[in-house]
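Asker:
Residue numbers (this note's numbering): -11 to 161.
1) For a test of the three-state rule: what should DSSP assign to residue 49, helix, strand or coil?
2) DSSP beta-bridge partners for residue 152?
3) In this structure, how does DSSP classify residue 62 when only helix, strand and coil are distinguished?
4) Given a cut-off of 9 Å on the beta-carbon distance, is the pair residue 49 and residue 63 in contact?
5) Bridge partners for residue 37 per DSSP, in chain order?
6) Which partner residues of residue 42 appear in the DSSP bridge assignment?
7) Helix, strand or coil, according to DSSP, for residue 57 in the structure here?
8) Per DSSP, what kind of secondary structure is residue 91 in: helix, strand or coil?
9) Rounded to whole angstroms, what's the CA-CA distance from residue 85 to residue 74? Just pull it up for me.
10) Around the Cβ of residue 28, are there at least 16 other Cβ atoms within 10 angstroms (buried) or fewer (exposed)?
11) Beta-carbon within less than 6 Å of residue 162's beta-carbon, same chain only, minus the 5 sequence neighbours each way: which residues are those?
12) Helix or strand or just coil, what does DSSP make of residue 121?
13) Among the candidates 70, 80, 41, whose CA atom is the shortest distance from the CA of residue 61?
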C-alpha cells in the first residue's frame, strides 16, 4: 500500500469536517423550527380548559370542553381596539389642524375701525329706565329686637340642654 501524504490527510480531514458541519447544521435547523417540534399551536392548561397560542399569527384563544366537544374562542385583542381609537383620534386631529390652518372665515369689511365704546361697560340707561330705582329697606329697630330675642331664647335652650346632658353623664359615672 502506498504511503499517505500530508496533503491527502488534510484533504480527507477537511471532507470529514464539511460532512459533520452539514449534518449538525441540519439538526440545528430542525430544532429551531416550532412547526417541526411542537406544531403550530402552544397549549397552556387553565382551570377552565386550555389557552391556545397560534405561533404563526400570534392570536390567543381559550378552549374549553362542552357537551359537543372542544370549542375555542378568540380572546379579544385590546391592542387592535386601541389602535383603531388612536387612528380615529389622529384623523380627527388632522381635520382640526386643517380647519385651523384655513383660518376663521370673516365676511364683510374688515378694514373698518373698531367702535370706540367699551364692550364691557353697561349701556347708558334710557330716559324711562333712569327713573326706576331699586331700594332695599333696612330692618327697623323692632325687627332687630325680634331677631335678638329669638337668638337669646335659642342660646338659653342650648345652654340648658348642655347642663342636662352633663348632669346625666356625671350621675352615671
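For glycine and all other residues, C-beta sits at the position ideal for the given N, C-alpha and C.
Answerer: On the basis of the coordinates in this document:
1) strand
2) When beta bridges are read from the DSSP output, residue 152 appears opposite no residue.
3) DSSP places residue 62 in strand when its eight states are reduced to three.
4) yes
5) 34
6) 29
7) strand
8) coil
9) The alpha-carbon atoms of residue 85 and residue 74 are separated by roughly 16 Å.
10) Residue environment for residue 28: exposed (fewer than 16 other C-beta atoms within 10 angstroms of its C-beta).
11) Residue 162 lies beyond the residue range present for the chain, which begins at -11 and ends at 161; the question has no answer from this structure.
12) DSSP places residue 121 in coil when its eight states are reduced to three.
13) 41
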